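Data first, discussion second: the structure below is written as structure tokens.
Numbering (the numbering used here), first residue to last: 1 to 321.
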């Protein structure tokens, strides 16, 4: 195909979910509710960790950054999706597309490394509790967090840089609710094989590296738990790790299904339900999985509510006097 036979596309239409008016309204309300709960829950968790000095430990620092990345993921996807429910054209430019994918990939890649860091933190806490404060120093915690953010930024920059080698000249309709790179490849009039190969290599490397750390950490933790003589200690250790392992299984499983399986570009139509899961549902679940099952977070939350209540009461009393 020569350049004379096609016009280059710089804007795309996000097909989204449905054109049925009543169903669109229902979905809009559902996803708006999910978005608001996600933002309040995750940003509230970040604020609580920042305010409470007793939560300034490696586990909660990693958790706060994970909540921040979940908020970033929700912000990257949901506002445009909600707008498109009632937009007539549902257009998104190539540069908007790149920005949306950048922030999504930043959030997901950083989360992979943070989850690996959290697994290592739990391994040290359970398997070497006496050396915990020595091994998991603030310096190491900050270094691990910095590495997560550096790789989180490099990963999408590579993919977006490779997008500039493609030109889009076919149908400008993206059969998705956000601008992912895999559906874009189907619209390219340049062979996207190099892009597909590098996504497989880099995404696979990030996921395999972080999954190996998680698996080794949890195998060591399970081995240590089974050696414990105290049922109470065993139950507490299992409870501490259960929520983390649940989140990790859902998160890595959905990403592996979308980006690493063979023919992921050709079968992206099947990925919409999985994409909803890792872009919307998992960020929603994070505050509930980690906070509502964590006594320290709940106690800190109660104390802050109590302090704010008495503070407001004192202010109202002084105003009345």
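Don't be surprised by glycine CBs; every beta carbon is placed ideally from N, CA and C.
Computed from a predicted model, the values in this text were never measured in an experiment.
Cutoff 7 Å; reference residue i; Cβ partners in own chain excluding five residues on either side
i	result
residue 32	82
residue 149	110
residue 255	108, 207, 278
Exposure label - residue i; buried when at least 16 CB within 10 Å
i	result
residue 194	exposed
residue 121	buried
residue 191	exposed
residue 298	exposed
residue 66	buried
residue 244	buried
residue 227	exposed
residue 92	buried
residue 231	exposed
residue 80	buried
residue 21	exposed
residue 89	exposed
residue 146	exposed
residue 204	exposed
Presumed contact (8 Å Cβ cut-off) between residue i and residue j, rounded CB distance
i	j	result
residue 34	residue 284	5 Å
residue 221	residue 126	5 Å
residue 98	residue 160	5 Å
residue 10	residue 94	5 Å
Contact set for residue i: own chain, Cβ-Cβ below 8 Å, skip 5 residues either direction
i	result
residue 75	39, 103
residue 63	45, 49, 118, 290
residue 77	100, 104, 177, 178, 279, 280
residue 27	17, 18, 85
residue 219	none
Alpha-carbon spacing of residue i relative to residue j, whole angstroms
i	j	result
residue 86	residue 151	36 Å
residue 131	residue 124	8 Å
residue 7	residue 101	The predicted model places residue 7 with a pLDDT of 49, which falls under 50 and marks its position as unreliable; any figure quoted below should be read in that light. One C-alpha to the other measures close to 24 Å.
residue 153	residue 305	36 Å
residue 248	residue 209	14 Å
residue 73	residue 30	17 Å
residue 167	residue 307	58 Å
residue 238	residue 246	12 Å
residue 19	residue 84	11 Å
Proximal residues to residue i (C-beta, below 6 Å), its chain only, five neighbours per side dropped
i	result
residue 251	282
residue 144	117
residue 302	none
residue 68	46
residue 43	71
residue 115	248
Within 8 Å, do at least three Cβ pairs link the region 11–27 to the region 173–189? The region 173–189 is in contact with the region 11–27.
Are the region 129–147 and the region 53–69 in contact at 8 Å, needing three or more beta carbon pairs? As far as the Cβ criterion goes, the region 129–147 touches the region 53–69, which means the pair count is three or higher.
Stretch-stretch touch, CB-based, cutoff 8 Å, three pairs: the region 47–54 with the region 290–307: Between the region 47–54 and the region 290–307, the count of Cβ pairs shorter than 8 Å is three or higher; the stretches touch.
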